Amino acid sequence: MARVALVTGGSRGIGAAISQALKDAGYSVAATYAGNDEAAAKFTDETGIKTYKWNVADYDESKAGIAQVEADLGPVDVVVANAGITRDAPFHKMTPEQWHQVVDTNLNGVFNTVHPVWPGMRERKFGRIIVISSINGQKGQFAQVNYAATKAGDLGIVKSLAQEGARAGITANAICPGYIGTDMVMAVPEKVRESIIAQIPAGRLGEPEEIARCVVFLASEDSGFINGSTISANGGQFFV
Ligand SMILES: NC(=O)c1ccc[n+]([C@@H]2O[C@H](COP(=O)([O-])OP(=O)(O)OC[C@H]3O[C@@H](n4cnc5c(N)ncnc54)[C@H](OP(=O)(O)O)[C@@H]3O)[C@@H](O)[C@H]2O)c1
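Per our numbering, the sequence shown starts with residue 42, numbered consecutively.
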C-alpha cells in the first residue's frame, strides 16, 4: 500500500510543489491549508490531491484534522511541516501580536503537527519528519526577529527528534530554503526583491520544485541514515 504523506500548507507555494512531488513519487498525499479556500479548491482540481483546512497553531484542531486524514488515507508515515508565515518589522516596531502569530504558526505549529503522529510512528517503527525551516533561521535577518527565532527553533526540534526517533526507525530532518519565488517572497516590494536577488550567487530565486525534490529524497526509505541534518538549498547565498 502507498505510504501516506501529510503536507501542512500544502496547497500553495513550496508546499504545493512538495505535495505534487510526493504524489508523483507514489505517496497518498493530504495537503492542509489555513483559510484560502479558493486556492485550495483550485489546487485539488488541478492535482487531485485532497485538502484539509485547519490552523496549525491550534493543537486540538491539528489533532482532530490529523485523525480525519488517517481515517481517510491511513496512518501518516511522512510529515512535512511546511506551513509558515512572516510578520516582518524592525524589532523596535515589532508588536507582541506579530511575535506571537509567527511563534504560534511556525514553531508551535510544528509541535502541533508532529506530536499527534509521533506515537503511531513509534509503534509502526517507521516515520519521516521533514521541517521546512529557512536560511533566515541559520543567519538571522533584519526585521525578522520573530521569523528567524522560529526557524532556528525548527532546527532544534529536528536535532532532538532525530535522537529520540532513531531507534524507532523515525528520522527528522530540516530543509533551509533560500529565497524561493512564492507569494511570500513576491509580496516583498520589488526593489527589496531585486536587492535580495543581487545577494544570491546563483543570480535568481529558487523554484518550489527544487525544495520539493529535497523532500522526496528525505522521505524515502533509502534515506534512513540521514537523521537530524539540515539541507541548505539557497543558491550559494549562505554556508553553515
Ligand atoms: N518562499 C520562500 O522564499 C521561503 C524561504 C525559506 C523558507 N520558506 C518557508 O517555506 C514554507 C512555505 O513558504 P511559502 O513561501 O510556500 O508560503 P506561502 O506561499 O505563503 O504558502 C503558505 C501555505 O501555508 C499555509 N498556512 C499559513 N499559515 C497557516 C496556518 N496557521 N495553519 C495552516 N496552514 C497555514 C497557507 O494556507 P492558505 O493558503 O490558507 O493561506 C499556505 O498553504 C514556510 O514555512 C516558509 O517559512 C519560504
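We put the CB at the ideal spot given by N, CA and C, even for glycine.
This one's a predicted model, so the numbers in the text were calculated from it and none came from an experiment.
- For secondary structure counted as the alpha helix (DSSP H) over 4 or more consecutive residues, the segment 140 to 223 holds these complete runs in sequence order: 149 to 155, 159 to 165, 176 to 180 and 186 to 206.
- In the structure shown, Gly106 adopts helical secondary structure according to DSSP, grouped into three states.
- According to the DSSP secondary-structure assignment, Ser69 is paired through a beta bridge with Val45.
- Between the C-alpha atoms of Glu164 and Asp101 there is a straight-line separation of about 22 Å.
- Shortest gap from the CB of Ser103 to any heavy atom of ligand 1: 6 Å or more.
- Val281: not part of any alpha helix (DSSP H); DSSP gives it neither H nor E.
- In this structure Ala243 is in contact with Gly276, their Cβ atoms being roughly 3 Å apart against a cut-off of 8 Å.
- From the listed residues Gln185, Lys64, Asn123 and Ala62, the smallest Cα separation to Gly50 is found for Asn123.
- Residue pairing by DSSP puts Thr271 in a beta bridge opposite Ala215.
- Leu47 is a Cβ neighbour of Val117, given a cutoff of 7 Å.
- Boundaries of the alpha helix (DSSP H) harbouring Ala239: Glu231 to Ala239, taken from the DSSP string.
- Buried is the label assigned to Phe84, since at least 16 other Cβ atoms lie within 10 Å of its Cβ.
- About 6 Å separates the beta carbon of Asn177 from that of Lys192, a gap short enough to meet the 8 Å contact definition.
- For Ala80, the enclosing alpha helix (DSSP H) begins and ends at Asp78 to Thr88.
- Each residue's CA atom was taken as its position, placing Gln185 and Ala81 some 28 Å apart.
- Counting every other CB atom within 10 Å of its CB across the protein chains shown gives Met227 a total below 16, marking it as exposed.
- Distance from the CA atom of Val121 to the CA atom of Arg44, rounded to whole angstroms, is 13 Å.
- Between Ala274 and Pro218 the beta-carbon gap is near 5 Å, inside 8 Å, which marks them as a contact.
- Considering only Gly106, Pro131, Thr136 and Ile90, the residue with the shortest C-alpha distance to Asn96 is Gly106.
- Ala189 counts as buried, since at least 16 other C-beta atoms from the protein chains shown sit within 10 angstroms of its C-beta.
- The C-beta separation of Ala260 from Arg169 comes to about 5 Å, placing the pair in contact by the 8 Å criterion.
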